[in-house]
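Trainee: First the structure, then my questions, so here it is.
There are 2 protein chains.
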Amino acid sequence: MDMQLDTLKFDAAGLIPAIVQDERGEVLALYYMNRDAVARTIETGKVHTYSRSRKKLTMKGETSGHVEHVKSLRADCDRDALLIRVEQVGGACHEGYYSCFYREHQPGDDADWKDVGRRVFDPKDVYK
Amino acid sequence: MDMQLDTLKFDAAGLIPAIVQDERGEVLALYYMNRDAVARTIETGKVHTYSRSRKKLTMKGETSGHVEHVKSLRADCDRDALLIRVEQVGGACHEGYYSCFYREHQPGDDADWKDVGRRVFDPKDVYK
Chain A
516 MDMQLDTLKF DAAGLIPAIV QDERGEVLAL YYMNRDAVAR TIETGKVHTY SRSRKKLTMK
576 GETSGHVEHV KSLRADCDRD ALLIRVEQVG GACHEGYYSC FYREHQPGDD ADWKDVGRRV
636 FDPKDVYK
Chain B
516 MDMQLDTLKF DAAGLIPAIV QDERGEVLAL YYMNRDAVAR TIETGKVHTY SRSRKKLTMK
576 GETSGHVEHV KSLRADCDRD ALLIRVEQVG GACHEGYYSC FYREHQPGDD ADWKDVGRRV
636 FDPKDVYK
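And the structure:
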C-alpha cells in the first residue's frame, strides 16, 4: 500500500483533494484527505476524510451511517488529485441531499444558483 | 453574473477547485480557478483555469485546441467547489489521455497504480 501512497503528491498542508463519484457517474462531493485518510480509505474500503476546519480524520458516515464503500481509486496525471468510485449509502451531503453539488447555473442565465438537488434524508433526523 | 460569483467562496489564495466532467459522466480533470477564471468561463461558455505554477489565467485548449464547452455549472453545499459539465474536444489531459484520471488502484491489490486511460492524441503532435 505504501507504493500507492508514496507516489501521491500532498500539498503544503499535507492534503490531497479527492472527488467522490457513484457508480452511475454522479459526482457526490469533493473532500480533502491527508496521508492517513488515504491509507485508511484503501485499508478499510470506506472513504475517510480530513476535516480542515475540525483538523480531524473521520470516516465518512461515522455519525450519519451514510458510509461510502470504495469500488476503485484513480489518481490524475500529476498525482495530486484522487477520483474515488463509491457505492453511496443514504446521501453524501450533510444538508440531506444525495450529492453536495445541488446548486446549478446555466451560462447565459442571469438568475442566482438554482437548487436542483435530490433530497434523500432530513438532517434533523440524522444529526441529533 | 456577479450574483453567481459573489456567493462563491474562494480560498486564501483566491482559488476555488473545479471538477470537470463530460456529458456521459466521465470525470476529466480537477482545475483551480480564480474569480476571473470563473467569470470568463461563465461569460464565454469555455472553461478557463488559473495555473498555480505559471500564475496565469488561460483558456483550456488555447494551445492544443482541446476546448471544453460548458453545458452547466454546479456549486456544492459550502459553495467552495465547482462541478462543470462540458463537451470535451480532443482530450483533457496534456499527456494525451481523454481524462487526467488514468491511473487506477483497486483496494486489496498490492500493485502500483495501473494505467487504464484512453489515449486520444500524441502530445508531441499537439504541443510543438
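Chains A and B supply the protein sequences, listed in that same order.
Per the numbering used here, residue 516 is the first one in the first sequence, and the count goes up by one each step.
Per the numbering used here, residue 516 is the first one in the second sequence, and the count goes up by one each step.
By construction, the Cβ of each residue, glycine as well, lies at the ideal position given by its N, Cα and C atoms.
1. For a cutoff of 7 Å on Cβ pairs, would you count Ile531 (chain A) as touching chain B?
2. How many angstroms separate the CA atom of Ala626 (chain B) from the CA atom of Thr522 (chain B)?
3. Can you list, in chain order, the stretches of the alpha helix (DSSP H) that have 4 or more residues and sit fully within the stretch 534-602 of chain B?
4. Just list the residues that DSSP pairs Arg618 (chain A) with in beta bridges.
5. Give the DSSP bridge partners of Pro532 (chain A), in chain order.
6. Mind listing which residues of the stretch 557-581 of chain A have their C-beta closer than 9 Å to chain B's C-betas, in chain order?
7. Can you give me the C-alpha to C-alpha distance between Val601 (chain B) and Phe525 (chain A), rounded to a whole angstrom?
8. Note down the Cα distance separating Leu530 (chain A) from Leu572 (chain B), rounded to an integer number of angstroms.
9. Whose Cβ in chain A lies nearer than 9 Å to the Cβ of Gly540 (chain B)?
10. Is the CB of His620 (chain B) under 7 Å away from at least one CB in chain A?
11. CB Ile534 (chain B) to CB Leu520 (chain B), shorter than 7 Å?
12. Taking 8 Å as the threshold, find out whether the stretch 588-602 of chain A comes into contact with the stretch 614-632 of chain B through three or more Cβ pairs.
13. Could you tell me whether the Cβ of Arg589 (chain A) comes closer than 7 Å to any Cβ of chain B?
14. Output, in chain order, the set of chain A residues within a Cβ distance shorter than 9 Å of Tyr617 (chain B).
15. Nearest to Trp628 (chain B) by CA position, among A:Met574, A:Val562, A:Asp593, A:His581, is which residue?
16. How do the stretch 554-567 of chain A and the stretch 575-587 of chain A stand: do at least 3 beta-carbon pairs fall below 8 Å, yes or no?
17. Say whether chain A places a C-beta atom closer than 7 Å to the C-beta of Ala527 (chain B).
18. Of the choices B:Arg618, B:Ser579, B:Val631, whose alpha-carbon is the least far from that of Pro638 (chain B)?
19. So, is the C-beta of Val583 (chain B) closer than 7 Å to a C-beta in chain A?
20. Find the residues of chain A that neighbour Leu520 (chain B), judging by a C-beta separation of less than 9 Å, and give them in chain order.
21. Across which residues does DSSP place Tyr612 (chain B) in a beta bridge pair?
22. Hey, how far is the Cα of Gln536 (chain B) from the Cα of Lys570 (chain A)?
Mentor: Quick look at the numbers:
1. no
2. When rounded, the distance between both Cα atoms is 44 Å.
3. Every alpha helix (DSSP H) stretch that sits fully inside the stretch 534-602 of chain B and reaches 4 residues is listed by chain position as 550-559.
4. A:Asp630, B:Ala590
5. A:Tyr547.
6. Ile557, Glu558, Thr559, Gly560
7. 27 Å
8. 24 Å
9. Gln536, Arg539, Gly540, Glu541, Val542
10. With 7 Å as the cut-off, His620 (chain B) counts as an interface residue toward chain A.
11. The Cβ-Cβ distance between Ile534 (chain B) and Leu520 (chain B) does not fall below 7 Å.
12. yes
13. yes
14. What Tyr617 (chain B) touches in chain A: Arg589, Ala590, Asp591, Cys592.
15. A:Asp593
16. yes
17. no
18. B:Ser579
19. Here residue 583 (chain B) turns out to be Glu, not Val, going by the sequence shown. Cβ-Cβ to chain A under 7 Å: no for Glu583 (chain B).
20. Within chain A, no residue comes near Leu520 (chain B); the closest Cβ sits about 10 Å away, beyond 9 Å.
21. B:Arg634
22. Distance between the alpha carbons of Gln536 (chain B) and Lys570 (chain A) is about 30 Å.
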